[in-house]
Amino acid sequence: AKRRIGLGVTGVAPALLMVRLTYGTDEAAAQLEAWQRKIQHAAYRASVELAKEKGPFPLFDAEKYLASPTIQDLDADLQDAIREHGIRNALLTSIAPTGTISLYAGNVSSGVEPVFAYAYKRKITLDDGSKAEEEVVDYAVQMYRDMFGADADLPDYFVSAQTLKPLDHVRMQAAAQKWVDSSISKTVNCPEDISFEDFKAVYEEAFRSGCKGCTTYRPNEITGSVLSVEPAKKEEKPAPVPATQGSTRPMPRDPVLEGRTYKIKWPAATHAYYLTVNDAVDEAGVRRPFEVFVNTQNTHDADMLAAITRMISAVFRRGGDVGFVAEELSQIVNPQGGHWVEGRYVPSLVALIGAKLFEHMGAIGFLAPQAVRAAPAAAEPVPQETIPEPATMALLGMGGAALFYRRAKSKNQV
-13 AKRRIGLGVT
-3 GVAPALLMVR
7 LTYGTDEAAA
17 QLEAWQRKIQ
27 HAAYRASVEL
37 AKEKGPFPLF
47 DAEKYLASPT
57 IQDLDADLQD
67 AIREHGIRNA
77 LLTSIAPTGT
87 ISLYAGNVSS
97 GVEPVFAYAY
107 KRKITLDDGS
117 KAEEEVVDYA
127 VQMYRDMFGA
137 DADLPDYFVS
147 AQTLKPLDHV
157 RMQAAAQKWV
167 DSSISKTVNC
177 PEDISFEDFK
187 AVYEEAFRSG
197 CKGCTTYRPN
207 EITGSVLSVE
217 PAKKEEKPAP
227 VPATQGSTRP
237 MPRDPVLEGR
247 TYKIKWPAAT
257 HAYYLTVNDA
267 VDEAGVRRPF
277 EVFVNTQNTH
287 DADMLAAITR
297 MISAVFRRGG
307 DVGFVAEELS
317 QIVNPQGGHW
327 VEGRYVPSLV
337 ALIGAKLFEH
347 MGAIGFLAPQ
357 AVRAAPAAAE
367 PVPQETIPEP
377 ATMALLGMGG
387 AALFYRRAKS
397 KNQV
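Under the working numbering, think of the first position of the sequence shown as -13, with each following residue one higher.
As structure tokens, then:
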């Protein structure tokens, strides 16, 4: 009768970080309100256009509908359009819980929530009903470090739910609520030792500022939580090892090369993949990757996998700083989705191979340790004689059409 829908948002916190605003401040609240206002008006204008074609929702009464405080806050021309043509949907906007959906978007923050933590553990339910924990790295943090380096210090505007005050949460929810028809899914994180008066003030401020709901969370060892943060561990940074810039002429292949073979387990594949990386020593005496092979008992797309490894080997043999090869591979995205491998979401099998190449380059000293990303690979060295017959990764299919891997944005793209 009312045709309610719930157009919403997710990833608000990373968006604020990209414009260098601190979540919870008046400036961030004003920006969020401006964004949500544009969304609200666009949704209402689209619904009016639908009403012109298909008519308003059955219970539409122009005078009663236009008397609503929400409608009275809309632009005058939009109110006039509603009065003349009606509107297809009585309610259009809402901000629902989007925790799992946000993971598919690269682990952006959920809805209007702040960044929960730069790195945290998420409890998941496995196919057999058992529980497991997966370590997750926030999208905005990973993006910043991709652009400025893995060891780059985060600016002051990188705040998290662990450091925000409860009223900062309420301020942001209230800013969005001004231009949201329905309720907002939002959790106000409170410290474990919050006083009763401060706790009461959270609900009073939420009511005063116009929030349609208020959910709080205080750490509790008995009930636990879906998300958790481990205590920070201090680690000593290793000294940098410079990567050499060799000749661009193809290096000759010695009759015998040293190398390593890694067993890579990809959840979507029946059999494991075996990645072999052979190394050579250049004229400067630096050990560097020289050639790559991938073998497996999986029988799909042997030509594609052979082409990829031959191209990688051709680039490696040219010398120079070839670390970019592993970086580019690690950004390849499978349009059907990736998999969780040893606590991190990996967007594709090719990305998993790229991460393993990163590890190998660091292990042989070709790349500086801090330049090597934490590889999300489920891989381990195995004796070379155990390698099975060659084959390749699976061809992707969707709706009867063959799909291939596509490349994600590079670190220089925003």
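No residue lacks a Cβ here, since even glycine has one placed at the ideal position from N, Cα and C.
Mapping DSSP to helix, strand and coil, what is residue i?
i	result
residue 252	coil
residue 268	coil
residue 232	Because residue 232 sits at a pLDDT of 47, beneath the cut-off of 50, its placement in the model cannot be relied upon, and the following sentence gives the value as read from the coordinates. Coil, per DSSP.
residue 140	coil
residue 203	strand
residue 298	helix
residue 280	strand
residue 319	strand
residue 51	helix
residue 111	strand
residue 401	Nothing in the structure corresponds to residue 401, since the chain is present only between -13 and 400.
residue 0	helix
residue 99	coil
residue 64	helix
residue 37	helix
residue 88	helix
Just to check my reading of the structure: residue i and residue j have Cβ atoms closer than 8 angstroms, yes? What is that Cβ distance to the nearest angstrom?
i	j	result
residue 284	residue 256	6 angstroms
residue 319	residue 334	6 angstroms
residue 276	residue 266	4 angstroms
residue 125	residue 93	5 angstroms
residue -4	residue 97	5 angstroms
residue 95	residue 0	6 angstroms
What are the residues that DSSP puts in a beta bridge with residue i?
i	result
residue 401	Nothing in the structure corresponds to residue 401, since the chain is present only between -13 and 400.
residue 245	264
residue 122	106
residue 155	Answer is none; residue 155 lacks a bridge partner.
residue 330	327
residue -7	79
residue 170	81
residue 259	250, 282
residue 175	203
residue 117	111
Would you say residue i and residue j are within 8 angstroms of each other, going by their C-beta atoms?
i	j	result
residue 162	residue 170	yes
residue 66	residue 27	no
residue 79	residue 25	yes
residue 106	residue 122	yes
residue 204	residue 10	no
residue 74	residue 36	yes
residue 173	residue 201	yes
residue -12	residue 76	yes
residue 120	residue 108	yes
residue 19	residue 198	no
residue 17	residue 7	yes
residue 89	residue 331	yes
Is any non-hydrogen atom of the ligand GTP found closer than 7 angstroms to the C-beta of residue i, if you look at the structure I gave you?
i	result
residue 192	The ligand GTP is absent from the structure shown, which contains no ligands of any kind.
Whole alpha helix (DSSP H) runs in the stretch 1 to 30 with 4 or more residues, listed along the chain?
none
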